[in-house]
Structure formats: C-alpha cells, structure tokens
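Enquirer: Below you'll find the structure I mean.
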Amino acid sequence: MAELNQKQNFLKGIIKENPIFVMLLGMCPTLGVTSSAFNGLGMGVATLFVLLMSNIVVSLVKNLIPAKVRIPAFIIIIASFVTIVEMILEAFVPLLYEQLGIFIPLIVVNCIILGRAEAFASKNNVLSSIFDALGMGIGFVLALTILGSVREILGNGSLFGLTLLPETANTFILFILPPGAFIALAYLTVIFNRLTNKTT
Amino acid sequence: MDYIIILIAAVFVNNIVLSQFLGICPFLGVSNKVSTSVGMSGAVLFVMTIATTVTYLLNQYVLIPAGLDYLRTITFILVIAALVQMVEIILKKVSPPLYQALGVFLPLITTNCAVLGVAILALGLENGSLVKAVFFAISNSLGFGLALVVFASIREQLELANIPEGMKGVPINLLVAGLLSLAFLGFTALV
C-alpha cells in the first residue's frame, strides 16, 4: 500500500497535476526561457534541484517552525538553495547562466516550489516529499523541454543546437520571439488536454 | 532624455509582461474584470516603487560595501515580503478606502516575480542612480498596468464570443496574450 502511494506521489506531478499544463504554476520562467530546448531543459533541471532540496528540508524541519512564520521560513530555505544554484551555474555552465539571466534568481518566486512546500512537504514525511518533488519537478522539466523543442524547431529549424532543416527552409521566426511563447503554449495545452482526456 | 527613453522602453518596447514575461501569474489570474485589474495595477505600482527604492539603497550601502552581494536574492525577497506586510498594515490604519481597494491584491504581490525582477533589473541600469532606479520601477509598473488593463478589456469581450470547446479557458487566454504581445512587437523600432 505504502509503495503504491509513493508511486502515486511521483506520477501525479507528471500528468494528472502537471504544474504547467494543468495547474498553470511557474508561468514566468516557462514562457521566458524556452526559446530553445537547451534553455528549457537547463531551467527545468535547476528548478527540479531547488524543489527537491527545499521539499526535503521543509519536511525535515516542519515541526520546528511555528505556523505563523512558516511562509517566510519556507522562502528563506528556498532562497538559500536558489543562491547555491546561481553560484553553481555561474561557475560551471556560464553559457546557460548568461542565457537564463534574471530568471535564475526568480526561481525563488516560482509558485510551484512554495506551493509544494506549503501544500505537501509541510504535511508529509521526507520520503513522500522526495517523491512528490521528483514527480512535480520532472513534470516541469518535461513541459519546459517540450515547449523549448517545439519553439526551437519551428522558429530556428534546429533541436538542442543541431540543425534539422536545410538553411534555405523558411522558419517561423515568430516562435522564438516573445509572442511565439504564448501561442506555442496555448496549442500545447490544447493538445495535452485532448490526450489526457482520452486516456482517462 | 534618458528618462523619456526609459519610460517608452518600459511601457511599450520591452513591456514587462508581454516581452519580458515577468508577472505572468497575476496577468493571467486577476484579469477577468477591468476593475480588478486596475486595483492590481495600483497595488503593483505602490509596492514596486517602494520595494525598488529600499532594495536599491540596501544593495548600494549595505551589501556592496560589506562584500555580500551573493546574498542579494535572499535579502531582496525577504525585504519584499516584509514590505508587503508593512504596507498592508500601514494602509489599513492610515487610509481605509485605499486599503479596501488594494487590500486583497497585496498578499499576492509577494510572489509576483515582476517586483523582484524589477528590483534586480534596476541595479543593472546604465549610469544608475537612485532616482533612475525609482523611475524605472514606476515606468515598469505602468507597463504592467497597461498590459493588464488591455488584456482584461479583451477578456470581458471574449465572454460573449463563441469559442471552440477545446480552446475554452486557458488556451484562448494564452492565445489572446500572444496576439497582444505580437501587437506590442510593433513598437520595437520606437527607441
């Protein structure tokens, strides 16, 4: 039974409660950095790391924090991990650090992370929180990578920097510009809803 | 001259919502009525201006001299969260009518990434000064307000439109936002 629950904790974030397509959380980085598949993946993994670490810490210290100050306490925990990610990226992946720019410190205000800390990690044990964070995080990574791939293929004719279309082919530049983010996500949401309605 | 360019750039060319993607959550969340979107814009104008002033001074006179600029993210988010609380308490005492109008929106602003985003972006302005940073914050909140109010007016009209089943709700809103962003792309050559 317990094993089944962990599986559910893990899987719900990927499809049923996908943070992007179903819950519409964390929209700013979703739209802002997905002009290429690589950026989308990088942002997704950075967020996954912060989400996982903050869920672990919050579920460990949940009984020590007075209820009234829990939100500021969660924010400090999250902000510490964001600072760590910021330093790691600057040191080891400077290219990604430059591309993501302002959106790295803004992981702090990504509603997914605070949302999971408040709604899940502060009420459950460490193991469940880890699975919850992994599921939600992977759902987020997948959504960002898919959105980034679609935009990069349509807008630039390439995927992860590899050219797919001949250089003479016309691409929709629109999709790597800001409006393309909204439009691509609109249609992906339609497709996602359609697919999930069919299977359930 | 500098200031006019900052204003036009922030409101039209690099609109904070439609081209920089900051503050999307309130943009999609509280934009179903024009009246609520005006209230939200007012609250953002208020908090963003105060927050940028405080964080700019803090960065300039505390963090940089002490060599602690790597703590920027943590300090800024705490300052913003505390400020929002404080503004709420002060407004409640000093100006009940204003509190009535803005009150419900204030707690939402802590997690509005536009506020933290502008506070950080304001540090990177060329020949930065406190006045310039504050002016930058005001311009950006006007840009936020413009996008929000225009989007809300379109959504009010959309309620009367006949939308295909699969597009109802989120997808049609995103699509409208996309078209609005496309329209704002037309301002690119202004500056």
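Chains A and B, in that order, are what the protein sequence lines are.
Counting in the numbering used here, the first sequence runs from 5 upward without gaps.
Counting in the numbering used here, the second sequence runs from 31 upward without gaps.
In this text, a Cβ means the ideal position worked out from N, Cα and C, and glycines have one as well.
1. Which partner residues does A/S162 have in the DSSP bridge list?
2. Within the same chain, show all residues whose beta-carbon is closer than 8 Å to that of B/L210, passing over the 5 residues directly before and after it, in chain order.
3. Identify whether A/M31 lies in helix, strand or coil by the three-state DSSP scheme.
4. Taking just the CA atoms, how far does A/N59 sit from A/F124?
5. Counting contacts by CB-CB distance shorter than 8 Å, is B/M31 in contact with chain A?
6. Taking all protein chains shown into account, do 16 or more other C-beta atoms lie within 10 angstroms of the C-beta of B/A40, making it buried, or fewer, making it exposed?
7. For a minimum of 4 consecutive residues, which ranges assigned as the alpha helix (DSSP H) are wholly contained in the segment 17 to 62 of chain A?
8. Just to confirm before moving on: does the CB-CB distance between A/N46 and A/F144 stay below 8 Å?
9. For A/C32, verify whether its CB is less than 7 Å away from any heavy atom of the ligand FMN.
10. Taking C-beta pairs closer than 8 Å, name the residues in chain B that A/G46 reaches, listed in chain order.
11. So, using beta-carbon positions, are B/T140 and B/I110 closer together than 8 Å?
12. Report the rounded CA-to-CA distance for B/L204 versus A/A190, giving the unit in angstroms.
13. What does B/Y224 touch in chain A if you count any residue whose Cβ is under 9 Å from its own?
14. Roughly how many angstroms lie between the CA atoms of B/L58 and B/I202, to the nearest whole one?
15. For B/V77, which of helix, strand or coil comes out of DSSP?
16. Beta-carbon within less than 8 Å of B/L93's beta-carbon, same chain only, minus the 5 sequence neighbours each way: which residues are those?
17. How close, in whole Å, do the beta carbons of B/F76 and B/L132 come, if the pair is a contact with beta carbons under 8 Å?
18. Do we get a CB-CB distance below 8 Å when we pair A/G17 with the residues of chain B?
19. With DSSP as the reference, label A/P183 as helix, strand or coil.
20. Within 8 Å, do at least three Cβ pairs link the segment 180 to 188 of chain A to the segment 154 to 171 of chain A?
21. Can you check which of these residues, A/A147, A/L146, A/I81 and A/A173, is closest to A/T159 by C-alpha distance?
22. Could you name the residues of the same chain whose beta carbon sits closer than 7 Å to that of A/L15, not counting the 5 residues immediately before and after it, in chain order?
23. How about A/I116 and A/P23: are their beta carbons less than 8 Å apart?
24. Taking the Cβ atom as the reference point for each residue, do B/T79 and B/I168 lie within a distance shorter than 8 Å?
25. Taking only beta-carbon atoms, is A/F186 less than 8 Å away from chain B?
26. In three-state DSSP terms, what is A/F144?
27. List, in chain order, every chain A residue whose beta-carbon is nearer than 8 Å to that of B/G196.
28. Using only alpha-carbon positions, find the residue among B/M70, B/L215 and B/A149 that is nearest to B/Q130.
29. Find the residues of chain B that neighbour A/P70, judging by a C-beta separation of less than 8 Å, and give them in chain order.
30. Nearest chain B C-beta to A/P170 closer than 8 Å, yes or no?
31. Go through its chain and collect everything with a Cβ distance to B/L52's Cβ below 7 Å, but skip five positions before and after it.
32. Report yes if the C-beta distance between B/L160 and B/L87 is below 8 Å; otherwise report no.
33. State the DSSP-derived secondary structure class of B/I38, mapped to helix, strand or coil.
Expert: Looking at the atomic coordinates:
1. Looking up residue 162 of chain A in the first sequence gives position 158. According to DSSP, A/S162 bridges with A/T167.
2. For the purposes of this step, residue 210 of chain B is taken as the residue at position 180 of the second sequence. Excluding residues within five positions, the ones whose Cβ falls inside 8 Å are L48, A177, V180, F181 and I184.
3. Numbered from its first residue, the first sequence carries residue 31 of chain A at position 27. Of the three classes helix, strand and coil, the one that applies to A/M31 here is helix, per DSSP.
4. Counting from one through the first sequence, the residue named residue 124 of chain A turns up at place 120. Counting from one through the first sequence, the residue named residue 59 of chain A turns up at place 55. About 8 Å.
5. Position 1 of the second sequence, counted from the start, is the residue given in the question as residue 31 of chain B. Judged by the 8 Å Cβ criterion, B/M31 is not in contact with chain A.
6. Counted from its first residue, the second sequence places residue 40 of chain B at position 10. Buried: at least 16 other Cβ atoms inside 10 Å.
7. 31 to 36
8. Within the first sequence, numbered from 1, the residue matching residue 46 of chain A stands at position 42. Within the first sequence, numbered from 1, the residue matching residue 144 of chain A stands at position 140. One point to set straight first is that residue 46 of chain A is Gly, not Asn, in the sequence displayed. In this structure, A/F144 does not lie closer than 8 Å to A/G46 by Cβ.
9. Looking at this structure, you won't find the ligand FMN or any other ligand, since it has none at all.
10. On the first sequence, residue 46 of chain A is found 42 positions in, with the first residue counted as 1. Going along chain B, no residue has its Cβ under 8 Å from A/G46, so there is no contact; the nearest lies around 16 Å.
11. Along the second sequence, one-based indexing puts residue 140 of chain B at 110. Along the second sequence, one-based indexing puts residue 110 of chain B at 80. Contact: yes.
12. Taking the first residue of the second sequence as 1, we reach residue 204 of chain B at position 174. Taking the first residue of the first sequence as 1, we reach residue 190 of chain A at position 186. Each residue's Cα considered, the two are about 5 Å apart.
13. Because chain B is modelled from 31 through 221, residue 224 of chain B falls outside the range shown and cannot be assessed.
14. If you number the second sequence from 1, residue 58 of chain B lands on position 28. If you number the second sequence from 1, residue 202 of chain B lands on position 172. One C-alpha to the other measures close to 11 Å.
15. Stepping through the second sequence from its first residue, residue 77 of chain B is reached at position 47. Three-state result, B/V77: helix.
16. Residue 93 of chain B sits at position 63 when you count from the first residue of the second sequence. Once the five neighbours on either side are set aside, the close Cβ partners of B/L93 are D99, L101, R102 and T105.
17. The residue given as residue 76 of chain B occupies position 46 in the second sequence. The residue given as residue 132 of chain B occupies position 102 in the second sequence. B/F76 to B/L132, Cβ: 7 Å. Contact.
18. In the first sequence, the residue the question calls residue 17 of chain A occupies position 13. It does not: the Cβ of A/G17 has no partner Cβ on chain B nearer than 8 Å.
19. Translated into the one-based positions of the first sequence, residue 183 of chain A becomes position 179. A/P183: helix per DSSP, three-state reduction.
20. yes
21. As a position in the first sequence, residue 159 of chain A is number 155, starting the count at 1. One point to set straight first is that residue 159 of chain A is Gly, not Thr, in the sequence displayed. Looking at the Cα atoms, A/A173 is the closest of the given residues.
22. Locating residue 15 of chain A in the first sequence gives position 11, where the first residue counts as 1. G139.
23. Looking up residue 116 of chain A in the first sequence gives position 112. Looking up residue 23 of chain A in the first sequence gives position 19. Cβ distance < 8 Å, so A/I116 and A/P23 count as in contact.
24. Counting from one through the second sequence, the residue named residue 79 of chain B turns up at place 49. Counting from one through the second sequence, the residue named residue 168 of chain B turns up at place 138. In this structure, B/I168 lies closer than 8 Å to B/T79 by Cβ.
25. The residue labelled residue 186 of chain A in the question sits at position 182 within the first sequence. Output row for A/F186: interface = yes.
26. Here residue 144 of chain A refers to the residue found at position 140 of the first sequence. Of the three classes helix, strand and coil, the one that applies to A/F144 here is helix, per DSSP.
27. On the second sequence, residue 196 of chain B is found 166 positions in, with the first residue counted as 1. Those within 8 Å of B/G196 in chain A are V194, N197 and R198.
28. Translated into the one-based positions of the second sequence, residue 130 of chain B becomes position 100. The candidate whose alpha carbon is nearest that of B/Q130 is B/M70.
29. Reading the first sequence from its first residue, position 66 is the one you call residue 70 of chain A. Result: empty, since nearest Cβ-Cβ is about 16 Å, beyond 8 Å.
30. The sequence position of residue 170 of chain A within the first sequence is 166, counting from 1. Chain B, which has no Cβ nearer than 8 Å to the Cβ of A/P170, makes this no.
31. Stepping through the second sequence from its first residue, residue 52 of chain B is reached at position 22. Contacts found: I46, C143, A144 and G147.
32. Position 130 of the second sequence, counted from the first residue, corresponds to residue 160 of chain B. Position 57 of the second sequence, counted from the first residue, corresponds to residue 87 of chain B. Yes, they are a contact pair.
33. Indexing the second sequence from 1 puts residue 38 of chain B at position 8. DSSP places B/I38 in helix when its eight states are reduced to three.
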